[in-house]
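Note sheet for the following structure.
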Amino acid sequence: GAVVSQHPSWVICKSGTSVKIECRSLDFQATTMFWYRQFPKQSLMLMATSNEGSKATYEQGVEKDKFLINHASLTLSTLTVTSAHPEDSSFYICSALLAGGSDTQYFGPGTRLTVL
Amino acid sequence: AQKITQTQPGMFVQEKEAVTLDCTYDTSDPSYGLFWYKQPSSGEMIFLIYQGSYDQQNATEGRYSLNFQKARKSANLVISASQLGDSAMYFCAMREGPRAAGNKLTFGGGTRVLVKP
Numbered sequence: 006g007a008v009v010s011q012h013p014s015w016v017i018c019k020s021g022t023s024v025k026i027e028c029r030s031l032d033f034q035a036t037t038m039f040w041y042r043q044f045p046k047q048s049l050m051l052m053a054t055s056n057e058g059s060k061a062t063y064e065q066g067v068e069k070d071k072f073l074i075n076h077a078s079l080t081l082s083t084l085t086v087t088s089a090h091p092e093d094s095s096f097y098i099c100s101a102l103l104a105g106g107s108d109t110q111y112f113g114p115g116t117r118l119t120v121l
Numbered sequence: 071a072q073k074i075t076q077t078q079p080g081m082f083v084q085e086k087e088a089v090t091l092d093c094t095y096d097t098s099d100p101s102y103g104l105f106w107y108k109q110p111s112s113g114e115m116i117f118l119i120y121q122g123s124y125d126q127q128n129a130t131e132g133r134y135s136l137n138f139q140k141a142r143k144s145a146n147l148v149i150s151a152s153q154l155g156d157s158a159m160y161f162c163a164m165r166e167g168p169r170a171a172g173n174k175l176t177f178g179g180g181t182r183v184l185v186k187p
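Same order as they appear, the protein sequences are chains A and B. If you count by our numbering, then the first sequence holds residues 6 to 121, one letter each, in order. If you count by our numbering, then the second sequence holds residues 71 to 187, one letter each, in order.
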């Protein structure tokens, strides 16, 4: 149980284009999902908290107009990197909160974004 | 100050032996949760074990156990009978406040474990 999928697993795009990443909880409903960014050999950095049916909460320093988050259903959150630039190249990983008990975040497999 | 500190950037362990990964945390909130995740080279984050601040007993999950020393603010992960598949990056994480307070996690810098045959 507690499986989270993420699509695509990798994407290469040209500078200036937008890229959408999907995060799905496959066997549970998640009112809260999280989006992280991870640079090589570094830890995870929380970008934003996504709540179903409401606006996402962004961490300090994260541009909300650049990283658009939509949590339209209890099983799907999307992250759109708008007007991507090479500095946005990174590993993006989402998690879904399984509420109850320990309230554990279960993570997707991640998306590697390369902006040329 | 760092909220989660993992002092071991990397370590080797012999197959079938036990290994302890250190994690210390800093919080003034009496209610918190501590998590360990494993990140293999594929990149996915795999949940291993959880310890709540009010839990009286140390958490165990199969070959994983958490040595929770509340007064010292440490939550070390012990992996028993190491296997080659245990080679990965391991992250300690903390949720501050009660579960209803947002559930954000703060991660440590990670420890890379390499299991030698």
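The beta-carbon is built from N, C-alpha and C at its ideal position, and this holds for glycine as well.
Residue i - DSSP class collapsed to helix/strand/coil
i	result
L184 of chain B	strand
E166 of chain B	strand
G103 of chain B	strand
G113 of chain B	coil
L79 of chain A	coil
L175 of chain B	coil
L154 of chain B	helix
Assumed close pair residue i, residue j - CB separation to whole angstroms, cut-off 8 Å
i	j	result
T85 of chain A	S23 of chain A	6 Å
T80 of chain A	T54 of chain A	Between T54 of chain A and T80 of chain A the Cβ distance is about 17 Å, and since that is not below 8 Å, they are no contact.
Q139 of chain B	A129 of chain B	So it is not a contact: roughly 13 Å between Cβ atoms.
V148 of chain B	V83 of chain B	With a Cβ gap of about 11 Å, V148 of chain B and V83 of chain B do not count as contacting.
G188 of chain B	T75 of chain B	A question about residue 188 of chain B goes unanswered here, because the residues of chain B that appear run from 71 up to 187.
F44 of chain A	S95 of chain A	6 Å
Identified DSSP bridge partners for residue i
i	result
V86 of chain A	A:V24 and A:F72
C18 of chain A	A:V120
L49 of chain A	A:Q43
E131 of chain B	B:Y134
V83 of chain B	B:V185
7 Å Cβ cut-off: residues of chain B touching residue i
i	result
Y111 of chain A	F117
S107 of chain A	G103, Y120 and G122
S48 of chain A	F161, F177, G178, G179 and G180
Contacts of residue i in chain B (Cβ-Cβ under 9 Å)
i	result
P91 of chain A	Here the premise fails: no neighbours, minimum Cβ distance about 20 Å.
L102 of chain A	N173
L51 of chain A	K174, L175, T176 and F177
Short Cβ contact (8 Å threshold) for residue i with residue j
i	j	result
L113 of chain A	S10 of chain A	Residue identity check: residue 113 of chain A is Gly in the sequence provided, not Leu. Result yes, Cβ atoms of G113 of chain A and S10 of chain A sit closer than 8 Å.
Y124 of chain B	M164 of chain B	no
F117 of chain B	L175 of chain B	no
D92 of chain B	N146 of chain B	yes
G180 of chain B	D99 of chain B	no
S157 of chain B	V89 of chain B	no
G115 of chain A	E114 of chain B	yes
Y63 of chain A	I98 of chain A	no
L121 of chain A	S20 of chain A	yes
M159 of chain B	Q126 of chain B	no
L102 of chain A	A7 of chain A	no
M50 of chain A	F72 of chain A	no
S111 of chain B	R133 of chain B	no
K143 of chain B	T94 of chain B	yes
T83 of chain A	K25 of chain A	yes
Residue i: contacting residues in chain A (beta-carbon distance under 8 Å)
i	result
F138 of chain B	Those do not exist, as F138 of chain B stays about 14 Å from chain A at its closest Cβ, beyond 8 Å.
8 Å Cβ cut-off: residues of chain B touching residue i
i	result
P114 of chain A	S112, G113 and E114
F96 of chain A	G113
L118 of chain A	None at all; the shortest Cβ gap to chain B is about 12 Å.
Heavy atom of the ligand MG within 7 Å of residue i beta-carbon
i	result
N146 of chain B	In terms of ligand content, the structure shown is empty, and the ligand MG therefore cannot be addressed.
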